[in-house]
Ligand code: DQA
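Numbering (my numbering), first residue to last: -15 to 128.
Below you can see the structure in the form of structure tokens.
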């Protein structure tokens, strides 16, 4: 059966395109989502895209993903660095999850160097701008 992945974006990522463009580039979230969906089609998988600025909503969507999806591509934004609740949700649903960041968080402020999500994710991709999402999709689509 065709694999189905959830692309989840967290807080402030709805502002991509105008938000700190020197760090995040000028691609909008919509253009990133379109590129991921187009690549998914080429790979023979499907992707559903969601974005929320609210931790609880992201957690609800992760829970719902358990029965509906084969994996998750997650840019949790700043929640990456401190949300134990999102970490626990990822661990609970037991779906492969790829943590994604547009920017190279390790080149930035110290508080961005640590991810509380990474230990429960399959892998982490950061620093490649919108390409980070496409790389995550490739990894998930090809994972066993
Ligand atoms: C980000 C990096 C985070 O530190 C930051 O809070 C974001 C975006 C990225 O994609 O580079 O909101 O996840």
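Glycine residues also receive a C-beta, built at the ideal position from the N, C-alpha and C atoms. Computed from a predicted structure; not experimentally measured.
- For residue -2, the three-state secondary structure derived from DSSP is helix.
- In this structure, DSSP gives residue -11 an extended state, which the three-state scheme calls strand.
- By the neighbour-count criterion, in which 16 or more other beta carbons inside 10 Å mark a residue as buried, residue 4 falls on the exposed side.
- Taking residue -7 as the centre and dropping the five residues before and after it, the same chain places the C-beta of 13, 35, 59 closer than 7 angstroms to its C-beta, in chain order.
- Rounded to the nearest whole angstrom, the C-alpha separation of residue 90 and residue 84 is 13 angstroms.
- In this structure, DSSP gives residue 128 a state outside helix and strand, which the three-state scheme calls coil.
- DSSP, reduced to helix, strand and coil, places residue 67 outside both helices and strands of the structure shown, so it counts as coil.
- With 6 angstroms as the limit, the residues whose C-beta approaches a heavy atom of the ligand DQA more closely than that are -4, 59, 61, 62, 64, 85, 86, 87, 89, 96, in chain order.
- Look at residue 113 here: in three-state DSSP terms it is coil, with no helix or strand label.
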